[in-house]
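In my numbering, the protein residues as written are 20 to 231.
What follows is the structure, given as structure tokens:
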């Protein structure tokens, strides 16, 4: 495994006024369970230990030792449900004076009414839970619902942009959120949300969704 590499958030310093002092770290994974697996024994077929939760904690501890603990602003972002699973625990690793926010890019898997698709997701996630034992990393359903904050004028949701599929890539960061030429840039919307500059409630105005 290569050593962790710190680099500026996106592009050259002159292009990113708010982020020129930020470092970006991409923690890659392929366990299929959003860093939530915590199996005590290896899989009998593959002889692999599915322990994504332990890997995530070890990665964060390593980053803290490398200087992340001295940060004043921190963002945990990801392209699946791992951000929602680990957000609270990640936040508790920093002092109260540090601004820590979490951005989940595609993190909800709806239990659709289509019986074919519903059966598929039931099978996939049922197999994942049975194999990886993520219970220790997951809050119970009631705890999850109870933790949802009330509606707030200071926070919001951004749904959904074909141009900003992954925050990690940085592609089109200054481009429009949506196909509408009057759309805000992702940069502008993100800064409003992260620094509590303005209310952010954005929904794709297109008649048909770009991503099925």
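C-beta: ideal position from N, C-alpha, C; glycine also.
Quick caveat, the model's predicted, so the values are computed rather than measured.
* Identify the continuous beta strand (DSSP E) that holds residue 97 and give its terminal residues. => Taking the chain shown and counting its residues from 1, the one referred to as residue 97 is at position 78. Residue 97 -> beta strand (DSSP E) spans 92-97.
* Consider the C-beta atom of residue 54 and the heavy atoms of the ligand MG; say whether any pair is separated by less than 8 Å. => This structure does not include the ligand MG; it has no bound ligands of any sort.
* Specify the secondary structure class of residue 100 as computed by DSSP and reduced to three states. => Here residue 100 is taken as the residue at index 81 of the chain shown, counted from 1. In the three-state DSSP reduction, residue 100 falls in the coil class, being neither helix nor strand.
* To do: Give the DSSP-derived three-state secondary structure of residue 63 in the structure shown.
  => Locating residue 63 in the chain shown gives position 44, counting from the first residue. If DSSP states are grouped into helix, strand and coil, residue 63 belongs with coil.
* Coarse secondary structure for residue 52, derived from DSSP in three states -> The sequence position of residue 52 within the chain shown is 33, counting from 1. Three-state DSSP puts residue 52 in coil, outside helix and strand.
* Does the Cβ of residue 97 have 16 or more other Cβ atoms within 10 Å, making it buried, or fewer, making it exposed? -> As a working mapping, residue 97 is identified with position 78 in the chain shown. Residue 97 is buried by the Cβ-count criterion.
* With a Cβ-Cβ cutoff of 9 Å, do residue 197 and residue 215 count as a contact? -> As a position in the chain shown, residue 197 is number 178, starting the count at 1. As a position in the chain shown, residue 215 is number 196, starting the count at 1. The beta carbons of residue 197 and residue 215 sit no closer together than 9 Å.
* To do: Report the rounded CA-to-CA distance for residue 86 versus residue 132, giving the unit in angstroms.
  => The residue given as residue 86 occupies position 67 in the chain shown. The residue given as residue 132 occupies position 113 in the chain shown. So the two alpha carbons sit approximately 47 Å from each other.
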